[in-house]
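Here the structure is laid out as structure tokens; the discussion comes afterwards.
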Amino acid sequence: MDKLFKNVINIFNEACKTADIGKTIHTILKQPKNELIVNFPVRMDSGEMKLFKGYRIQHNNILGPYKGGFRFHPQVNLDEVKGLAMLMTLKCSLADLPFGGAKGGVKFNPKDHSESEMERITRRFVHALGNNIGPNFDIPAPDMGTSAQTMNWMMDTYLNTSGSLERQCLKGVVTGKSVKVGGTKGRAQATGYGVVMCIEEWAKQHNYDLSQKTFIIQGFGKVGSWAAKRLDSLGAKVIAVNDCAGTLYMKDGIPIRQLTEHIQNKGSLEDFMGQELLSREDFFSMKADVMIPAALENQIGEEEARMAQVELIAEGANGPINNKADAILEERGIAVIPDILANSGGVIVSYFEWLQNRSNDYWHEHHVLEKLHDKITQAYHIVHDLSIELNVSKREAAYIRALKNIDEVYTERGIFP
Ligand code: GLU
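Residue numbering for the sequence shown follows our numbering, starting at -4 and increasing by one per position.
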């Protein structure tokens, strides 16, 4: 079993015990409802045909249509996607969204392909999925390696292969589209901003002046870069960023706008303002106030948990801390704001996009961000209060709250037949 799915299941089992979740619900949720794997051929620029493997895991839909991102990455595999799909079920339930949970992906490296190959891969994948997605059934969104452009192609392919009479009301088949083609303002920054909104609530509770604090961020993609921008606007200092090239460290604070431009042009931290990069270990052992892992899962294991020198870790990524590391961090008094809470800003604003698509409406950016703030801070306080009441970690409290919601719906609806 892949580590991520096992890690998620371990916390799920614990939470079910603490929350007294019935055996039937436990049995239903411990595996996804549907596991779809498609192999589809795509013509490369050279004329050669290549076969790609794509996944869509639909974990649960008791609360509403399946919802969750598509990842394009060489590490994509069935168990990883199963773990991520289960996290989506919990994330949507915790945020009180009328959505279930799903995740998908295609196993390949986007860096190896031209723009036109990316377009054909995306379109063929959507075609291969056929009616397994839809605005009232399963609604994909961006994740690692996918973007608003990917979503635009997906929507366009889906609409073009649907009957022309209903075409105009199907835009909500994917969220995270660019604003011009039916996306929402505020979606691009939603996940990163949401992470920082949670940190701001934590800071208020701990009398912590963020403008005096130092931050380190792993990953400078969609989540990490927007989190950095919001921190910058609050006057906080980001002193280190880590990616696959190494660790950029600038003790007086990294200029965020310049780094964003650099990453957009060069694709990595290499050669930024003539700085030598440090190692991955240097990043995880760096003394700072807050760490934001915003890259892949399983980045913080026992070793990293022992060397960490921060007060708080806010999980921008899904599943960055494994079970053993979680226990070590708790023992060492390092606080954690868990993924299904900290990074829920993305799917919350996806929900707003879906609502706007249903009513052909366009909301102002400040309205979207205000509603995001209300929703995520409310979830933060529910999790915080529950963790105190039950004397459990914030992660377990978040799982418990999410599972209780689902349990109540199953109990009131009953189970067919
Ligand atoms: N991929 C994002 C996540 O892991 C967003 C999902 C969505 O917007 O549906 O939460």
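Where is the CB? At the ideal position from N, CA and C, for every residue including glycine.
Exclusion of the five residues before and after glycine 219 leaves Gly187, Ile212, Gln213, Val236, Ile287, Ala289, Ala290 and Gly311 as the residues of its chain whose Cβ lies within less than 8 Å of its Cβ. Secondary structure of tyrosine 244 (DSSP, three-state): strand. Within the same chain, Cβ atoms closer than 7 Å to the Cβ of tyrosine 357 are found at Gln351, the five residues on either side in sequence being excluded.
Using a Cβ distance threshold of 9 Å, tyrosine 61 and phenylalanine 132 count as a contacting pair. Within 8 Å of the C-beta of serine 111 there is not a single heavy atom belonging to ligand 1.
In this structure, the alpha-carbon of leucine 24 lies about 18 Å from that of glycine 314. Checking the 8 Å criterion, the Cβ of proline 412 is out of range of every heavy atom belonging to ligand 1. If you keep only unbroken alpha helix (DSSP H) runs of at least 4 residues inside the segment 44 to 124, you get 73 to 89 and 110 to 124. Around the beta-carbon of methionine 44, fewer than 16 other beta-carbon atoms lie within 10 Å, marking it exposed. The three-state secondary structure of asparagine 260, taken from DSSP, is helix.
Contact between the segment 34 to 43 and the segment 104 to 121 is established, with three or more Cβ pairs separated by less than 8 Å.
Note on geometry: alpha-carbon atoms of arginine 115 and phenylalanine 47 lie some 11 Å from one another. For asparagine 237, no alpha helix (DSSP H) encloses it; the enclosing beta strand (DSSP E) starts and ends at 232 to 238.
Pairwise C-beta distances place the segment 169 to 178 in contact with the segment 132 to 150, as three or more of them are shorter than 8 Å. When C-beta atoms of the segment 89 to 97 are compared with those of the segment 392 to 412, three or more pairs fall below 8 Å, so the two segments count as touching. DSSP places valine 37 in the uninterrupted beta strand (DSSP E) bounded by 29 to 38.
In this structure, the straight-line span from the alpha carbon of glutamate 326 to that of asparagine 2 is close to 18 Å. Alanine 320 and valine 331 have their C-alpha atoms some 11 Å from each other.
Among the bridge pairs identified by DSSP, methionine 286 is matched with Ile211 and Ile308. Around the beta-carbon of threonine 406, fewer than 16 other beta-carbon atoms lie within 10 Å, marking it exposed.
Bridge pairing for aspartate 133: Tyr61 and Gly129 [DSSP]. CA-to-CA, the gap between arginine 225 and threonine 242 works out to about 21 Å. The straight-line gap separating the alpha-carbon atoms of phenylalanine 210 and valine 233 is approximately 5 Å.
With the rule of 3 Cβ pairs closer than 8 Å, the segment 67 to 77 counts as touching the segment 94 to 107. The bridge partners DSSP lists for leucine 273 are Thr242. Between the C-alpha atoms of lysine 261 and leucine 272 there is a straight-line separation of about 15 Å. Here lysine 217 is buried. Its C-beta has 16 or more other C-beta atoms within 10 Å. Secondary structure note for isoleucine 332: its beta strand (DSSP E) is the uninterrupted segment 330 to 332. With the rule of 3 Cβ pairs closer than 8 Å, the segment 370 to 386 counts as touching the segment 336 to 346. When the alpha-carbon of valine 191 is set against those of Trp349, Ala222 and Phe411, the nearest one is in Ala222. Under the 10 Å beta carbon count, arginine 51 is surrounded by 16 or more other beta carbons and is classified as buried. Phenylalanine 35 sits away from aspartate 138, with the two beta carbons spaced by 9 Å or more. For tryptophan 148, the enclosing alpha helix (DSSP H) stretches over residues 143 to 155. Taking C-beta separations shorter than 7 Å and ignoring five residues to either side along the sequence, the partners of phenylalanine 67 in its chain run Gly100, Val101, Phe103, Pro105, Gly140 and Thr141, following chain order. Going by beta carbons, glutamine 26 and glycine 95 fall outside the 9 Å limit. By the beta-carbon neighbour count (other beta carbons within 10 angstroms, threshold 16), proline 135 is buried.
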